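Following the numbering used here, the residues of the sequence shown are numbered contiguously, the last one being 202. Here a beta-carbon is modelled for each residue, glycine too, at the ideal position from N, C-alpha and C. Computed from a prediction, not measured in an experiment: that's the story for all the values here. Please read the structure below before turning to the comments.
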Amino acid sequence: MKTVADYIRTIPDFPKPGIMFRDVTTLFADPRGFRIAIDQLLHPYAGQPIDRVVGLEARGFILGGAIAHQLSVGFVPIRKKGKLPGKTIEQAYTLEYGKAVMEVHDDALQAGERVLMVDDLLATGGTAEAGIKLIERMGAEVVGCAFVIDLPDLGGRAKLEELGMDVHALCAFDGD
């Protein structure tokens, strides 16, 4: 029986030499692989009250939309600065070579809502931390952070766990 990791393609030297890029588009393209991933991302949160699913740009939208559908709850995108049309709040975060900003509509979440945050990959944790801060600034509670892939050598899981987050990843790849 195939695991989620079996559906993920590795592309060497992308986007630069020495990087082993973990490509989830092959997972998304396979109906069985995609179903396995969605079911496994949901499993730890079965039976928990969840009001919204938040997906981080961009592959988190694909996963988050499918999970929100399964849970019969709304989906909220957190996007890169300048991509949302309404009034937003923003959160800066650090990248490997600079800074970036994530945004969410200022009315997308309500105080007290319980939120599951979803993305495809957890590396350094910067994007996920920015998402958590946005969710919490709106008064909502992050009940979990679900990822398809964890790159543990980059420290993202430890960073999120230090923030008190429940982190769930379907597979891990070392050395990236």
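The DSSP-derived three-state label of Ala198 is strand. Nearest C-alpha to Gly81 among Ile64, Val102, Asp65, Ala63: Val102. In this structure, Val193 and Glu167 do not form a Cβ contact; the two beta carbons are roughly 15 Å apart against a cut-off of 8 Å.
Only buried fits Arg48, as 16 or more other CB atoms lie within 10 angstroms of its CB. Within its own chain, the residues whose Cβ lies closer than 8 Å to the Cβ of Ala137, once the five positions on either side in sequence are excluded, are Met164, Gly165, Ala166, listed in chain order.
A buried status is given to Ile64, since no fewer than 16 other beta-carbon atoms sit within 10 Å of its beta-carbon. As far as DSSP is concerned, Leu160 takes part in no beta bridge.
A distance of 8 Å or more separates the beta carbons of Gly157 and Lys185. Contact annotation, Leu89 with Val174: C-beta distance approximately 7 Å; criterion of less than 8 Å satisfied.
DSSP places Phe87 inside the alpha helix (DSSP H), whose first and last residues are 85 to 97.
In the DSSP assignment, Glu116 falls outside any alpha helix (DSSP H) and within the unbroken beta strand (DSSP E) covering 114 to 121. Approximately 6 Å separates the beta-carbon atoms of Gly100 and Ala94; this is inside 8 Å, confirming the contact. Taken in chain order, the complete alpha helix (DSSP H) segments of 4 or more residues contained in the stretch 127 to 173 are 152 to 163. According to the DSSP assignment, Leu82 belongs to the beta strand (DSSP E) that extends over 78 to 82. Per DSSP, Ile104 lies in no alpha helix (DSSP H); the unbroken beta strand (DSSP E) holding it starts and ends at 100 to 106.
For Asp65, no beta strand (DSSP E) segment is defined; the enclosing uninterrupted segment is the alpha helix (DSSP H) at 57 to 68. Cβ contact annotation for Pro41 (same chain, cutoff 8 Å, sequence separation greater than five): Phe47, in chain order.
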